[in-house]
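See structure below.
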């Protein structure tokens, strides 16, 4: 089992990644407002601890796959912020040459299998990637993310059944941010215990404080360990919260400003880790400022790179329809 | 009273079967539910139970007899108290002794077949000898062709595997995967739960990593449950990923009308899939094409929809089984050359077309017949070349008429060869109705050779 550690260096890395995602997403929101990003754009702000915690326990060759709220997942697994931003702005230098956009990005080299626009579709696909791990007799695990809204899709349970039946190495990560678009979980789900959704298929599950990156890392390590031991899938329900609307065009009238503000003030994953770094490891304000500056420059560079990149050549319309 | 025991029909498309084993002998008493025989079809071996209580008087066909038509007499039972229900009288039955039906056409419903079927044991041996001594042509059924294509590709590439409902232990709902589990094991021949959407998505995910699933749909009607994964995931990811993640997968299984299974189980989806960029769509007719095209499909780096047909599975075609022939996707085949009209068809439409061609020949009409084989991409070069020669065209397919393959071909011919046309292009299709169950209505809903002949006469302005 890969140990989760709370060494200063590792905590700083977690902090760095979470802050990178947040600043990147803020910039994406800004570029959307300026008309540089089109279509749908689903921001990950508030949920950063989930992907960063899980990514910290991944081993070489492990894969991840998620829905359309995917920018955080890409940055966490090491994809280049410049190329992600270029894709968001529909440029040829983006991960999909500008043909995928916010919801459809991939990086085989980083084990990122998308970026899927159909709610729940990534769940059997993730089980299939785990199936391939088993078929090829590797010890890799596929982390398959979906929201509590997608957890009501039928194909999720078809995937649960096969994953358990065939003991596939897949960790199902339910990112429960409490709202499926504008519908709160209690208005859409007959039960609120998402971690228990696999019980009928004999899949163990656990609810985790998804706002605490260390809790996330610890439980992700246990779940991956379970999979690598050949015991089949595991469900992690990450209790989290998104600060922004479902997408950029969502005015979020279905919840109060106070509700959002309360979470930001009391449970913010980045603030929480920052406090710990100050208390336990005596990180100075100066050090935090240096990190902020570094991240700001990365995000600015990504934005400049994107906006200065060309759109795809019109001939690209006809390429990649079929693989050679 | 003596009653007849007839050869049962055990599936919608069964026309004949074999009597694999008798469990009773003359003089045995049987009750309803007692197993009296094993009947083998080309799809399955099934136990046949008595529905009567009585005493077996006589076994009309011998164990091991093949090609027994449905509803032909196989045994006689003496029942007590039952009403006389037999059609043929005991006297007639006596005439067919000894137990051989080779001279009794009455009991083989299709004329012309009777004299070729010798049901005596000696006859069987003679027949077998004849086949082994004289390999006139290597004949293969479409079913065997598909089976051998899968087996050969699985032998060549360990990344190729088969998954679907009943493909393994059951040996295939239509026996297409017969023997594959034994050869390749359960890690590569995978029985799935009945969960089309789920296992299709799972297979697509596996294909994204570079391994090569062959997904069998028990029929393509059930693939409707999986359409999202086929169209939104399999077909689009190569494009959406800028060419990073392709999906080398084959979706295959029977498509189109079977027989008497009504609207939800009888439809041709060729045009539906053909409209989706990112998919390739293949619908072969002959065994050789089925084999060669399936091998191409398995080796292709893209999702290929491979549309088979239940009625064609049992049809035999000459095939060169010594070569592992590959037939490229996207190439039509000119089956016969002619001067007066081009008939374009594919899949089971070819069967009706060839039947129609016999009648056209009697009428002195020389048709050029083009089997498309691949529906996406369509081989327009072959079509246009032929139409420029004949100046007339009729398309034949089993699918619905609206947005059919034929309507698209018609528009393309108009665009590419307008000046060569001497008549409008006519489309022969299935009727624009859900498939009815009743035998006469089903027949009326399907394309017929007579309709093809009628359309050809129309484009030739003949009465």
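Protein chains in written order, with my numbering: chain P, 250 to 573; chain X, 177 to 639. Here a beta-carbon is modelled for each residue, glycine too, at the ideal position from N, C-alpha and C. A quick note: this is a predicted structure, and the numbers were derived from the prediction, not measured.
Tell me whether residue i sits in a helix, a strand or coil according to DSSP, three-state version.
i: residue 335 (chain P); result: helix
i: residue 314 (chain P); result: strand
i: residue 323 (chain P); result: helix
i: residue 453 (chain X); result: coil
i: residue 484 (chain P); result: strand
i: residue 267 (chain P); result: helix
i: residue 413 (chain P); result: helix
i: residue 286 (chain X); result: Summary for residue 286 (chain X): the model assigns pLDDT 37, below 50, so the residue's position carries little reliability, and this model does not support an answer.
i: residue 538 (chain X); result: helix
i: residue 513 (chain P); result: helix
i: residue 456 (chain P); result: strand
i: residue 557 (chain P); result: helix
i: residue 474 (chain P); result: helix
i: residue 552 (chain P); result: helix
i: residue 497 (chain P); result: coil
i: residue 475 (chain X); result: helix
i: residue 184 (chain X); result: coil
i: residue 197 (chain X); result: strand
i: residue 249 (chain X); result: strand
i: residue 328 (chain P); result: coil
i: residue 360 (chain P); result: coil
i: residue 308 (chain P); result: coil
i: residue 347 (chain P); result: coil
i: residue 566 (chain X); result: helix
i: residue 301 (chain P); result: helix
i: residue 502 (chain P); result: coil
i: residue 204 (chain X); result: coil
Below 6 angstroms CB to CB, which residues in the same chain sit around residue i once its five sequence neighbours on both sides are set aside?
i: residue 561 (chain P); result: 341, 346 and 347
i: residue 558 (chain P); result: 335, 340 and 342
i: residue 560 (chain X); result: 592 and 593
i: residue 431 (chain P); result: 503
i: residue 633 (chain P); result: There is no way to answer for residue 633 (chain P), as the model of chain P reaches only from 250 to 573.
Output needed for residue i: all residues of its chain with C-beta closer than 7 angstroms, excluding positions within five of it in sequence on either side, in chain order.
i: residue 491 (chain X); result: 317 and 318
i: residue 496 (chain P); result: 289, 290 and 291
Please list, in chain order, all residues of the same chain as residue i whose beta carbon is under 8 angstroms from its beta carbon, the five residues on each side excluded.
i: residue 553 (chain P); result: none
i: residue 298 (chain X); result: Confidence at residue 298 (chain X) is low in this model, with a pLDDT of 40, below 50, so the placement of that residue should be treated as unreliable; the coordinate-derived value is given next. Cβ neighbours of residue 298 (chain X) beyond the five flanking positions: none.
i: residue 196 (chain X); result: 213, 214, 215, 216, 221, 239 and 240
i: residue 355 (chain X); result: 323, 327 and 347
Relative to chain P, which residues along the stretch 391 to 409 of chain X have a C-beta separation below 7 angstroms, given in chain order? 404, 405, 408 and 409
Pairing CB atoms from the stretch 409 to 425 of chain P with CB atoms from the stretch 350 to 369 of chain X, are three or more of them under 8 angstroms? yes
Closer than 9 angstroms between beta carbons: that is the criterion. Which residues of the stretch 356 to 379 of chain X meet it against chain P? 363, 364, 366, 368, 369, 371, 372, 373, 374, 375, 376, 377, 378 and 379
Please list the segments of the beta strand (DSSP E) lying wholly inside the stretch 319 to 376 of chain X, counting only runs of 3 or more residues, in order along the chain. 336 to 340 and 365 to 367
Inter-stretch contact (C-beta, 8 angstroms, three-pair minimum) for the stretch 439 to 455 of chain X and the stretch 532 to 542 of chain X: no
Are there three or more Cβ pairs, one per stretch, closer than 8 angstroms when the stretch 566 to 577 of chain X is compared with the stretch 617 to 633 of chain X? Yes, the stretch 566 to 577 of chain X touches the stretch 617 to 633 of chain X.
Okay, do the stretch 421 to 432 of chain P and the stretch 389 to 398 of chain P touch, 3+ Cβ pairs below 8 angstroms being the bar? yes
Taking any Cβ of chain X, which residues in the stretch 552 to 573 of chain P have a Cβ under 8 angstroms from it, in chain order? Taken in chain order, the members of the stretch 552 to 573 of chain P whose beta-carbon sits within less than 8 angstroms of a beta-carbon on chain X are 568, 569, 570, 571, 572 and 573.
Residues in the stretch 436 to 468 of chain X with C-beta within 7 angstroms of chain P's C-beta atoms, listed in sequence order? 453 and 454
Select from the stretch 276 to 288 of chain P all residues with a C-beta closer than 7 angstroms to any C-beta belonging to chain X, and list them in chain order. Those residues of the stretch 276 to 288 of chain P that come within reach of chain X (Cβ to Cβ, closer than 7 angstroms) do not exist; the list is empty.
Going along the chain, which residues of the stretch 466 to 486 of chain X sit with their C-beta nearer than 8 angstroms to a C-beta in chain P? Under the 8 angstroms Cβ criterion, the stretch 466 to 486 of chain X contributes 477 and 478.
Which residues, in order along the stretch 412 to 434 of chain X, keep a beta-carbon less than 9 angstroms from a beta-carbon of chain P? 412, 413, 414, 415, 416, 417, 418, 419, 420, 421, 422, 423 and 424
Counting Cβ pairs, one atom from each stretch, are 3 or more of them under 8 angstroms apart for the stretch 508 to 528 of chain X and the stretch 474 to 481 of chain X? no
With 7 angstroms as the limit, tell me which residues of the stretch 321 to 336 of chain P have their beta carbon closer than that to any beta carbon of chain X; keep them in chain order. none
Taking one C-beta from the stretch 511 to 527 of chain P and one from the stretch 474 to 492 of chain P each time, how about it: are there three or more such pairs within less than 8 angstroms? yes
Entirely enclosed beta strand (DSSP E) segments - the stretch 365 to 409 of chain P, minimum 3 residues: 391 to 396
Tell me, please, whether the stretch 200 to 216 of chain X touches the stretch 498 to 512 of chain X by the rule of three or more beta-carbon pairs shorter than 8 angstroms. no
For the stretch 240 to 260 of chain X against the stretch 180 to 195 of chain X, are there 3 or more C-beta pairs whose distance is under 8 angstroms? Output reads yes: the stretch 180 to 195 of chain X touches the stretch 240 to 260 of chain X.
Report yes or no: do the stretch 306 to 317 of chain P and the stretch 525 to 541 of chain P share at least 3 C-beta pairs separated by less than 8 angstroms? no
Please list the residues of the stretch 547 to 577 of chain X that have a C-beta atom closer than 8 angstroms to any C-beta atom in chain P, keeping them in chain order. none
May I ask you to list, following chain order, the residues of the stretch 585 to 597 of chain X that have a beta carbon less than 7 angstroms from some beta carbon of chain P? Flagged: no residues at all.
So, do the stretch 445 to 457 of chain P and the stretch 409 to 417 of chain X have three or more beta carbon pairs nearer to each other than 8 angstroms? The answer is no - the stretch 409 to 417 of chain X does not touch the stretch 445 to 457 of chain P, with fewer than three Cβ pairs under 8 angstroms.
Check whether the stretch 396 to 406 of chain X and the stretch 319 to 329 of chain X touch, using three or more Cβ-Cβ pairs below 8 angstroms as the test. Verdict: no, contact absent.
Can you confirm whether the stretch 459 to 474 of chain P touches the stretch 290 to 304 of chain P when touching is taken to mean that 3 or more C-beta pairs between the two stretches lie within less than 8 angstroms? yes
Taking beta-carbon pairs under 7 angstroms, can you tell me which members of the stretch 448 to 459 of chain P lie near chain X? none
Which ranges does the beta strand (DSSP E) cover as unbroken runs of at least 3 residues, wholly within the stretch 403 to 463 of chain X, from first to last along the chain? 426 to 430 and 456 to 458
Taking a Cβ distance cut-off of 7 angstroms, strictly less, list which residues of the stretch 496 to 513 of chain P are near chain X, in chain order. none
Would you say the stretch 322 to 330 of chain P touches the stretch 369 to 382 of chain P, given that touching needs at least three Cβ pairs under 8 angstroms? no
Can we say the stretch 344 to 355 of chain X touches the stretch 521 to 528 of chain X, given the rule of at least three CB pairs closer than 8 angstroms? no
Is it a yes or a no for the stretch 602 to 618 of chain X touching the stretch 448 to 463 of chain X, going by three-plus beta-carbon pairs under 8 angstroms? The stretch 602 to 618 of chain X vs the stretch 448 to 463 of chain X: no contact.
Whole beta strand (DSSP E) elements within the stretch 208 to 249 of chain X, 3-residue minimum: 211 to 216, 221 to 225 and 230 to 235
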